[in-house]
Every structure is written in C-alpha cells, then in structure tokens.
DNA sequence: CTGTTAGCGCTTTCAA
DNA sequence: TTGAAAGCGCTAACAG
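Residue numbers (the working numbering), protein chains in the order written: chain A, 1 to 342; chain B, 343 to 684.
Set out below in structure tokens:
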C-alpha cells in the first residue's frame with residue numbers, strides 16, 4: 001500500500017479549489033467563505049493533513065535574530081550554557097534564526113545595561129534573552145518590551161519585569177536539594193556549615209531559605225553559618241572560619257568557589273561531607289578523590305538551549321508563553337555518574 | 343549592513359556557472375572539471391556557504407521508515423521510552439521520517455522473533471531499532487544487516503551481532519552507582535542486601551558485578567544476597583528472605599519491582615536505606631514518604647529519542663556510526679528533585 | 001471571496 | 001563537462 005502524502009494540493013484537487021484558497025483556510029488568514037472554509041477544514045481532518053514545516057519556512061523566508069546576554073563568571077558554567085546556545089543555533093539556523101552572543105565582563109552591570117540598551121535601540125534584533133539582572137534591569141526590560149522586543153530571562157530572573165518567560169533553576173529548590181543530600185549523607189545527624197558569597201544576591205538568599213526549610217525535616221541536623229567567602233580571597237576567608245569548621249559533619253558550598261574550597265578542605269584533618277553546585281574538570285577531580293561528596297547540577301547546557309529555542313518558538317508563534325516559568329531540572333552528580341556530565 | 347544569504351545561486355552567479363554545476367561540485371557528485379570544482383569549493387569557503395537543509399530535504403523527497411521493537415514490561419518504563427520515540431518522530435517527520443512501533447507482549451521472545459523476521463522480509467523498512475535480545479537474536483540481526491537493513495540495538499544490547507550501534511545504559515555502571523549511593527547513605531558502614539529477579543539476564547549480572555566492584559572500595563560495607571524475587575509473587579518471595587533483612591542498613595533493588603518491595607518494606611520494623619531503579623508515580627510516592635531513599639534513572643525518554651534520531655542520521659548519512667556504543671546518562675533521583683522526572 | 005503566478009534553495013532529469 | 005527546466009510543498013503578491 002503506497003501512502004500518498006497529503007498536501008494542500010491534494011485537498012485543493014479533491015475539493016476543486018485552488019491551493020491558495022486552501023492555504024488561506026488552513027492558516028486562518030481570512031478571505032474564505034465560511035462554507036468553503038468548513039469544507040476545507042473537514043477534508044484536512046479527514047485526510048489527516050499535516051502541514052510541512054520545511055516548505056512553510058522555506059517559502060516564508062523570514063529571518064529572526066535573537067540576542068543573548070550573559071555574564072562571564074564562572075567561566076566553566078557559562079561555557080556549558082554557550083554549548084546549549086550553539087546547539088539551538090545549529091538546529092534552527094536553517095529555519096532562519098540568527099543568534100548574537102554578548103558576554104558581560106565580570107560583575108560589570110553598567111556594561112550590561114549599555115549593551116542591552118544598545119541592542120534595543122539598534123532595532124536589528126527580534127528577541128532578547130538576558131541572564132543578568134536584579135532590580136536595576138526591570139525598567140530596561142520593560143523598555144525593550146514596549147519597543148516590541150520579545151524578551152525572556154534565563155538563569156537569573158527578573159520577575160518584577162514584563163519579560164515573557166523565565167528559563168532556569170528554581171534556586172530555592174537547589175537549596176532544598178542541597179539540604180536533603182547533605183543531611184542524608186551525614187546520616188541525618190550533626191552540624192552542617194553553609195558557605196555563600198560576600199555579595200548577597202536574591203539567588204543566594206533563595207538557596208539559603210530552601211536549605212533551612214528542608215533542614216527542619218531533620219530534627220538532628222543543625223545548620224551553622226551562613227559563612228561568607230570572598231571569591232577573590234578564598235583561602236583567607238576560609239582561614240577566618242576554620243575553627244567553626246571543626247567537628248562539623250558536612251559543608252554545603254552555595255557559591256561558585258567549590259573547587260577552591262575543596263582544595264582548602266583537603267588539607268584539613270578529618271573527613272566531612274562536602275556538597276556544592278555545578279561541575280567542571282577540577283570539581284570532578286575532587287569528586288573522584290572523595291573530597292567532594294556530590295554536586296548539584298543546574299543543567300546549564302539545557303538552560304542555554306531553551307533560552308534560544310523557546311524564544312524562537314515564541315517568535316514564530318508556535319508556542320505562546322506569557323509570564324511563564326520554565327524550571328530546569330536539578331541533577332545530582334556523584335563519583336559514579338560524574339562521567340556523564342563532564 | 344545587510345547580510346545576503348549565500349546560496350548555491352550566489353556562488354553560481356559570481357563564477358558565471360549554472361546552479362546545477364555548483365550543486366554537483368558541492369555534493370561531490372562528479373561530472374565537474376577538476377578546475378571548475380576547485381573554483382567552486384574555494385568560492386564556497388570564501389563566502390562561508392552553508393547548504394540549506396530544508397531546501398535540500400524538500401527537493402530530495404526521500405522517505406525513510408524506521409521500525410522500533412521493544413517489550414511492554416515494565417509498562418511505566420517503556421511508556422517513557424515511547425515518549426522519546428514520539429518526540430523524535432515529531433521532530434523528523436517533516437524531513438521524511440516514518441516510524442513504526444512494535445511492542446512485544448511480556449517476555450514473549452518467540453513473538454519478538456516473528457515480528458522482526460516479518461519486518462525484515464517485508465522490505466518496507468529502511469532501519470530497525472531493537473530492544474529485546476540476548477543471544478537468540480544475534481543471527482536475526484545479522485540476517486537483517488545482510489538484507490541491507492540498518493539495525494541498532496537500544497536499552498538491551500546484542501554486542502555479538504553486527505548491529506551498527508547501541509544506545510542505552512551501561513548496566514555495570516548502574517550497579518556501581520547503586521553501590522556508591524547505598525554505601526554513602528548508610529554512612530559507609532553496615533550490610534546491604536541486593537535484590538534481583540528470578541531470571542538471570544546479562545543486564546542483571548552486570549549490575550551485580552558493578553555493585554560488587556564498588557563495594558570493595560568501602561571496607562566496612564558488606565553485601566548480602568543476591569536474593570531472587572519472583573515478580574509474580576513479590577510478597578511471598580519477600581517473606582522467604584524476611585529474616586535475612588533484619589539488621590541490614592540498606593537494600594538495593596536491582597529489578598523492576600521497586601514499588602512492590604517498598605510497599606513490603608514499609609510494613610517492616612526499623613528504618614533502612616532503600617535504593618532502586620527508574621521512576622513512576624508509585625515509586626515517587628514512596629520517595630516522598632521516605633521509604634525509598636533514592637532511585638537511579640536510565641533516562642528512558644532519551645533512550646527512545648536517540649534510538650530513532652541516531653538511526654535517522656545514519657540513514658541520511660549525516661553521521662556514520664559503526665559498532666559504536668552511545669551510553670546514556672544515569673540520573674540520581676531523591677525526594678527534592680523527583681518532581682523533575684515525573 | 002477565489003485563482004494565477006512566481007519564488008524560497010536545492011536536486012534531478014534531460015539535452016546540449 | 002555543463003546548463004535549462006521542472007518540481008518539492010507552501011506562501012505572498014496581484015488580479016479578477
């Protein structure tokens with residue numbers, strides 16, 4: 001049995017209409033008599049018509065440009081995000097997508113503002129994905145939205161803004177998972193230090209809050225800290241809290257200094273559970289050595305991928321998302337499954 | 343600056359040639375004078391020409407059919423695999439892919455042989471993905487290969503056959519990861535029971551071997567078992583080993599009866615670490631209750647997706663894979679990240 | 001409201 | 001060894 005593909009042409013022929021009319025009906029572009037419209041739609045359903053995306057895109061010859069803005073630090077994390085961006089680009093380039101990547105030098109929010117401002121004003125971009133933020137960016141995002149840009153945030157949300165959607169982790173859940181893992185690995189009894197960074201971001205706050213929430217479920221586990229570590233001077237910061245670390249069963253490192261801290265911990269006496277976030281080669285080495293017990297991965301590749309892909313789908317109106325949150329999954333990495341993430 | 347897309351036409355114009363000649367050169371289809379060929383290739387590189395996949399597929403009008411054969415049991419696992427298959431189908435249907443799904447009734451290898459035999463003889467299929475196996479299927483696979491079918495295995499390999507590649511877990515690694523997790527969760531000290539099924543498959547053997555390997559790294563952890571559980575009579579089988587379970591710190595369930603066993607364990611006195619494989623709603627409930635500590639996920643959706651996608655890429659000769667293994671990742675699921683997998 | 005026509009970028013005859 | 005022409009399935013003027 002030969003299966004003839006059902007195309008708009010087939011429908012047109014069977015109904016004695018022109019392809020143009022069929023096309024107008026199928027795409028609800030109006031200018032079709034109600035009666036004809038019904039006939040076409042019915043025939044389409046009857047034959048199980050599926051429009052061919054390739055042909056559609058090819059003939060429409062639209063071009064879309066998505067700009068994507070994110071920080072540089074920590075490098076290993078954003079490199080993985082960029083892999084996902086590249087993956088989405090390769091997948092969608094033939095469909096008319098162009099992607100422009102802007103990396104913001106470490107912590108330079110002013111530069112970030114300038115770049116975004118410039119992108120909006122250039123009017124050469126259809127959509128924008130932003131991973132820097134906190135409050136000062138809300139008005140900038142809204143300004144872009146008013147100027148007809150489609151904007152989403154990723155990795156780092158600005159919920160107060162009018163961005164269309166957010167792609168990334170739920171940081172409270174990271175904290176929750178960290179608390180669960182650390183508690184279970186220390187045998188649900190003992191003290192856990194929470195280490196964070198000197199700058200108190202919303203994300204860091206959320207992690208701590210989540211951590212505390214879950215610790216309540218473990219009556220014999222206590223948290224000490226949070227201890228703030230200066231990322232430019234990890235060893236010194238650690239020296240300052242060294243005494244507090246004695247007798248602890250576990251440590252959760254909520255900032256990006258996991259490997260430096262692992263290096264420091266390695267030299268200390270005694271064994272303790274060490275949990276952190278994300279992964280790179282260095283972290284992997286400490287996992288192999290048993291210094292780091294486990295790490296929580298934010299699926300950075302997928303974050304980059306979705307930040308582009310979902311925006312593109314939004315642009316072509318395939319999926320319409322307004323004020324949604326696309327929470328990416330949290331993966332637990334230990335010695336025996338680290339190979340899959342590195 | 344307006345970026346003109348570089349198409350074969352542009353190259354042709356700039357070189358004063360016809361599109362046909364340019365196309366022949368670009369696709370190395372011969373019948374082009376060496377000199378002309380060089381000119382074209384150089385120009386293509388100079389302009390950074392990238393062929394448009396959509397146009398290429400549309401004009402080539404090839405159709406491919408992939409058949410995919412897998413068991414029904416355990417249902418929740420194969421449902422997830424099927425989701426991945428559907429995802430790949432939806433993604434590639436416009437490119438000319440058709441997928442035919444064959445589910446083999448529980449354990450009925452004879453039926454499996456018949457179906458595969460029939461698929462091969464029908465000559466209506468270009469490629470075949472098989473997830474049932476062990477030795478008796480080797481000659482069947484080789485027969486298909488001889489008959490010009492592209493064949494891969496997934497989830498369940500037949501390494502002795504001439505299949506082009508395998509997509510799925512490394513079962514030894516599952517066992518290894520299970521041992522690491524259980525050991526760490528029990529505080530690296532105590533006895534762990536390993537529960538498996540009555541039929542001794544290669545996969546089960548591998549898991550056990552991996553489990554033993556890693557336990558050696560934990561001097562204070564001992565394994566008891568493996569205990570074989572009859573899946574049609576879980577409670578009875580459990581009753582038989584109930585006494586051995588007293589005083590154990592942990593249990594690793596390597597078969598597909600995790601939720602039944604969790605239900606049984608729930609009623610026992612005392613608390614122990616319980617680790618298993620895969621996830622469904624019922625398993626998730628026991629994770630939430632704290633009966634199941636963690637479970638190891640084989641990424642079934644991705645297995646189904648890749649089993650189709652990679653075969654398709656092989657068919658269109660985009661990626662040529664011979665005798666390769668595509669090992670899918672192992673994910674650790676606990677209470678606080680289970681929501682992402684259900 | 002409907003149809004005709006040209007064209008997206010590439011592939012494939014067929015003829016020169 | 002090269003080129004002209006038709007066509008994949010859909011869309012977008014434009015004319016009627």
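Ideal Cβ placement from N, Cα and C applies to all residues, glycine included. Just so it is clear, the structure is predicted and the values come from calculations on it, not from any experiment.
Which residues does DSSP pair with residue 209(A) in a beta bridge? None, per the DSSP bridge assignment.
Closer than 8 Å is the cut-off here; do at least three beta carbon pairs connect the region 319-327 of chain A with the region 356-369 of chain B? no
Assuming residue 226(A) is part of the beta strand (DSSP E), what are its boundary residues? 221-229
Would you decide whether residue 117(A) is buried or exposed? Buried here means 16 or more other CB atoms lie within 10 Å of its CB. exposed
Which bits of chain A does residue 368(B) rub up against, with CB to CB less than 7 Å? Here the premise fails: no neighbours, minimum Cβ distance about 16 Å.
One question on the structure: do residue 149(A) and residue 125(A) come within less than 9 Å of each other, judged by their Cβ atoms? yes
Using only the alpha-carbon positions, how far apart do residue 160(A) and residue 276(A) sit? 29 Å
Can you confirm whether the region 650-661 of chain B touches the region 629-639 of chain B when touching is taken to mean that 3 or more C-beta pairs between the two stretches lie within less than 8 Å? no
Residues near residue 350(B) by beta carbon distance below 8 Å, same chain, minus five either side: 361, 364, 365, 368, 391 and 393
Between the region 44-76 of chain A and chain B, which residues of the former have a C-beta closer than 8 Å to a C-beta of the latter? 50, 52, 53, 54, 55, 57 and 58
Does residue 173(A) come within less than 9 Å of chain B when only Cβ atoms are used? yes
In whole angstroms, give me the CA-to-CA distance for residue 686(B) and residue 429(B). Chain B is shown only over 343 to 684; residue 686(B) falls outside these bounds and no answer can be derived.
My guess is that residue 272(A) and residue 292(A) are in contact by the Cβ rule of under 8 Å, so how many angstroms apart are they, rounded? Incorrect: roughly 11 Å between the Cβ atoms, too far for contact.
N- and C-terminal bounds of the beta strand (DSSP E) containing residue 532(B): 532-539
Less than 9 Å between CB atoms is the rule here; does residue 302(A) satisfy it with respect to chain B? no
Short of 8 Å in beta carbon distance, which residues of its chain neighbour residue 652(B), apart from the five on each side in sequence? Order them along the chain. 494, 507, 509, 661, 663 and 668
Using a Cβ cut-off of 7 Å, pull out every chain B residue sitting near residue 340(A), in sequence order please. 671 and 672
Within its chain, find whatever has a CB closer than 8 Å to the CB of residue 515(B); leave out the 5 residues flanking it on each side and keep chain order. 552, 669 and 672
Chain A contact for residue 526(B) (CB, 9 Å cutoff): yes
Straight-line Cα distance separating residue 181(A) from residue 676(B): 8 Å
Helix, strand or coil: which one does DSSP assign to residue 513(B)? helix
Quick one: which unbroken alpha helix (DSSP H) runs of 4-plus residues sit fully inside the region 369-394 of chain B? Chain order, please. 376-389
Anything in the region 544-557 of chain B with a Cβ closer than 8 Å to a Cβ of chain A? List those residues in chain order, please. 556
Per DSSP, which residues does residue 595(B) bridge with? Please list them. 537(B)
Counting contacts by CB-CB distance shorter than 9 Å, is residue 502(B) in contact with chain A? no
CA-CA distance, residue 344(A) and residue 256(A)? Nothing can be reported for residue 344(A), as the shown portion of chain A is limited to 1 through 342.
Does any heavy atom of the ligand SAH sit closer than 8 Å to the C-beta of residue 592(B)? Within the structure as shown, the ligand SAH is missing, as the structure has no ligands at all.
Proximity to residue 435(B) [Cα-Cα], best of 403(B), 457(B), 496(B) and 488(B): 403(B)
Buried/exposed call for residue 376(B), threshold 16 Cβ in 10 Å: exposed
Can you find a C-beta in chain A that's less than 9 Å from the C-beta of residue 652(B)? no
Through-space distance from residue 274(A) to residue 280(A), alpha-carbon basis: 16 Å
Would you mind telling me which residues of chain A sit closer than 7 Å to residue 519(B), beta carbon to beta carbon, in chain order? 336 and 337
For residue 544(B), which of 624(B), 400(B), 470(B) and 596(B) has the nearest alpha-carbon? 596(B)
Is it buried or exposed for residue 114(A), if we count other Cβ within 10 angstroms and need 16 for buried? exposed
Please report whether the beta-carbon of residue 675(B) lies at a distance below 9 Å from any beta-carbon of chain A. yes
Quick one: what does DSSP say residue 611(B) is sitting in, helix, strand or coil? coil
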